[in-house]
Amino acid sequence: MLSGILRSKRAIAVNIEIMRAFVELRRAAASHATLEKRLEELERETAMRFGRQDERLHQIFEALRQLINPPTRPKRPVGFRVSEDRAAKSR
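Encoded structure:
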């Protein structure tokens, strides 16, 4: 969107790079979904062959699932916050 406003060669180049980054992110997300689906299929196949007795296989699948989908980190709040003491003093 920057290139639409500034109309410079640099702004256009930056905009193109941003669009390429978003396309790459979309590919990565699709790859994760495909990988997760294949992992589920593989787990079902091994469960049918070996049954649920083999706890080690279950642990391996859980470890792979955690690597594919790492836990989300809590987001920090954005913005400037005034403490209660400072707000009372400025009044």
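Taking my numbering, I'd label the letters of the sequence shown as residues 4 to 94.
Every residue gets a Cβ at the ideal spot worked out from N, C-alpha and C, and that includes glycine.
Short Cβ contact (9 Å threshold) for residue i with residue j
i	j	result
Glu39	Arg76	no
Phe25	Leu42	no
Ile8	Ala16	no
Phe53	Leu45	no
CA-to-CA distance, residue j to residue i, given in whole angstroms
i	j	result
Arg29	Arg84	35 Å
Glu87	Lys78	23 Å
Ile19	Thr37	27 Å
Ile21	Arg10	16 Å
Gly82	Arg23	29 Å
Residues of its chain near residue i, where Cβ-Cβ distance is below 8 Å and the 5 sequence neighbours each way are ignored
i	result
His35	Ile71 and Asn72
Helix, strand or coil at residue i according to DSSP, with G and I counted as helix
i	result
Phe25	helix
Ser34	helix
Lys78	coil
Phe64	helix
Val17	helix
Phe83	coil
Arg10	coil
Cutoff 7 Å; reference residue i; Cβ partners in own chain excluding five residues on either side
i	result
Ala66	none
Glu58	none
Cutoff 6 Å; reference residue i; Cβ partners in own chain excluding five residues on either side
i	result
Glu48	none
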